[in-house]
Amino acid sequence: MPQKLGQSGLVCMHWPDAVLFPGQECASRSKPKGIFDLTVPECTQLLAALRDTGPYRLHFKSVPRQICKV
């Protein structure tokens with residue numbers, strides 16, 4: 460997913476460090492399952508990041524003039 464975002468000129472800002480990014484491999488599964496791979500604490504961290512109203516909230520930033528290579 461980071462590659463597809465970068466190719467589209469989008470950057471994910473402030474994704475929680477301890478949470479798997481969609482498409483990352485989980486040790487418990489042979490194929491990534493997206494949000495289904497997240498544990499309850501990881502889901503809680505992700506929701507908190509989305510609900511945060513401060514400067515470190517989880518959001519996506521458009522950088523259309525700069526196609527990012529990941």
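Numbering (the numbering used here), first residue to last: 460 to 529.
For every residue, glycine included, the Cβ atom is placed at its ideal position computed from N, Cα and C.
(Q) What does the Cβ neighbour count give for Val539, buried or exposed, with the cut at 16 atoms within 10 Å? (A) Shown here, the chain extends from 460 to 529; a query on residue 539 therefore has no answer.
Q | Rounded C-alpha distance that separates Ile494 from Gln462 | A | The C-alpha of Gln462 is placed about 18 angstroms away from the C-alpha of Ile494.
Q) Who are Leu479's beta bridge partners in DSSP? A) As computed with DSSP, Leu479 is found in no beta bridge at all.
Q) Using the beta-carbon count (16 or more within 10 Å), is Asp511 buried or exposed? A) Taking all protein chains shown into account, Asp511 has fewer than 16 neighbouring C-beta atoms within 10 Å of its C-beta and is therefore exposed.
Q) In terms of residues, what are the limits of the beta strand (DSSP E) holding Val522? A) Neither: Val522 is in no beta strand (DSSP E) and is coded neither H nor E.
(Q) Assuming contact is defined by CB atoms lying nearer than 9 angstroms, are Glu501 and Pro475 in contact in what I supplied? (A) Taking 9 angstroms as the Cβ cut-off, Glu501 and Pro475 qualify as a contacting pair.
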